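For what it's worth, the working numbering labels the leading residue of the sequence shown as 89, then goes sequentially. Ideal placement from N, C-alpha and C gives every residue a C-beta, glycine not left out. This one's a predicted model, so the numbers in the text were calculated from it and none came from an experiment.
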Amino acid sequence: MTPEPTEDDEPSLAVRPRRKGIYALPNAITLSALFSAFYAIVMAINGRFEVACVAIFAAAILDSLDGRVARMTNTQSAFGEQMDSLSDMVAFGAAPALIIYMWALKDMGKPGWIPAFVYIAGAALRLARFNVNIGVVDKRFFQGLPSPAAAAIVMGLIWCAIDAPWYSGVGNMPWLRWVAFGVTLFAGLSMVTNAPFYSFKVFDRRRSVPFIVLVAIMLGIGLIALDPPTVLFVIFCVYGLSGYVIYGWRKSKGKPVSVISTSTDEPDERGLHQ
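Here you go:
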């Protein structure tokens, strides 16, 4: 005879595990960035390079939002991380390389392939290294020039040149092709260097800031509104050089120049932690 069940023996309600799914808001922002890159390529094919540059800058703004929105709404996911990486490869790797090639490099023949390929390969290597080292890199710095900043340098050159009063077409200005050649090569190689570029990720949003900071932000917005192509191009060029300045300063002071904060014992990753 089995005893009759009592109230204490009743099975408790099991806690249902959280369902794994795709979160709409952060991935919608990522898809918007991807569409901006696609739109930029289409505009470049149609010869509207200035619009293509604006679209890439819009993709950079959207890329800076999707991760923050995911963290604020607690909707991070492995799917979102992979989607963001693929979107970045198109928006800041393939699209800028194709746009700069169509604008200035295609008339150079096969030599024009070199900076365009170095740029797109550098973007791929930089994103792959970022994904591998995401847990071991000092969060204050990026290892190598971030791909959105590299895209901003290349697109800024095009936008700044087209907006200049002296611009009469790349075909009439052979020297501009070589400027585009050098800038694209610099941006591509900078993405795979070990130079530390400040990440601006360590600000405490809950801490108050001096009033002068707000004044500086106000002046910065005013300068950008005054001449967006030139000011943005100068800002990102200065940022593109800042990593080498930090590298040289640390080297001269005898300080460590690597941004790798820890190391792993995995044989496949030894080359990434030197």
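Helix, strand or coil at residue i [DSSP, three-state]
i	result
tyrosine 111	coil
tyrosine 189	helix
phenylalanine 123	helix
valine 225	strand
proline 284	strand
glutamine 170	helix
serine 175	helix
aspartate 151	helix
aspartate 195	helix
aspartate 251	helix
glycine 135	coil
lysine 343	coil
glycine 257	coil
proline 262	helix
tyrosine 236	Inspection of the sequence shows that residue 236 is occupied by proline rather than by tyrosine. Of the three classes helix, strand and coil, the one that applies to proline 236 here is helix, per DSSP.
methionine 243	helix
proline 298	coil
With 16 other Cβ atoms within 10 Å as the buried cut-off, status of residue i
i	result
valine 303	exposed
valine 326	exposed
tryptophan 191	buried
asparagine 219	exposed
threonine 161	exposed
glutamine 231	buried
methionine 177	buried
tryptophan 247	buried
proline 203	buried
phenylalanine 299	exposed
leucine 101	In this prediction, leucine 101 scores a pLDDT of 49, lower than 50, which makes its location untrustworthy; the coordinate-derived value is nonetheless stated afterwards. It counts as exposed.
arginine 265	buried
glycine 244	buried
valine 142	buried
glutamine 362	Reliability of the predicted coordinates at glutamine 362 is poor, the pLDDT of 41 falling under 50, and the value obtained from them is presented with this limitation in mind. The residue in question, glutamine 362, is exposed, as its Cβ has fewer than 16 Cβ neighbours within 10 Å.
methionine 131	buried
valine 347	buried
arginine 214	buried
isoleucine 309	exposed
aspartate 315	exposed
isoleucine 222	exposed
leucine 193	buried
isoleucine 117	buried
valine 271	buried
isoleucine 144	buried
alanine 125	buried
leucine 320	buried
arginine 106	Annotation note: pLDDT 47 at arginine 106 (below 50); position unreliable, no value reported.
Rounded Cβ spacing between residue i and residue j (contact assumed at less than 8 Å)
i	j	result
alanine 238	serine 287	So it is not a contact: roughly 15 Å between Cβ atoms.
glycine 135	aspartate 195	Not confirmed; about 14 Å, so no contact.
valine 242	isoleucine 323	Going by Cβ atoms, the distance from valine 242 to isoleucine 323 rounds to 14 Å, so no, they are not a contact pair.
alanine 283	glycine 331	4 Å
leucine 233	glycine 155	Not a contact, Cβ separation roughly 18 Å.
leucine 186	isoleucine 129	6 Å
tyrosine 111	glycine 200	Not a contact, Cβ separation roughly 41 Å.
Residue(s) in a DSSP beta bridge with residue i
i	result
glutamine 164	Glutamine 164 pairs with nothing; no bridge assigned.
isoleucine 348	Val225
phenylalanine 321	Beta-bridge pairing links phenylalanine 321 to no other residue.
phenylalanine 230	Phe285
beta-carbon residue i near the ligand GDP non-hydrogen atom, thresh 7 Å
i	result
valine 157	You won't find the ligand GDP in this model; it holds no ligand whatsoever.
Cβ contact (3+ pairs, closer than 8 Å) linking the segment 228-242 and the segment 181-189
Judged by Cβ distances under 8 Å, the segment 228-242 makes contact with the segment 181-189, as three or more pairs qualify.
Does the pairing of the segment 143-152 with the segment 119-133 give three or more beta-carbon distances under 8 Å?
The segment 143-152 is in contact with the segment 119-133.
When the Cβ atoms of the segment 267-276 are set against those of the segment 206-222, are three or more pairs found closer than 8 Å?
Touching, yes.
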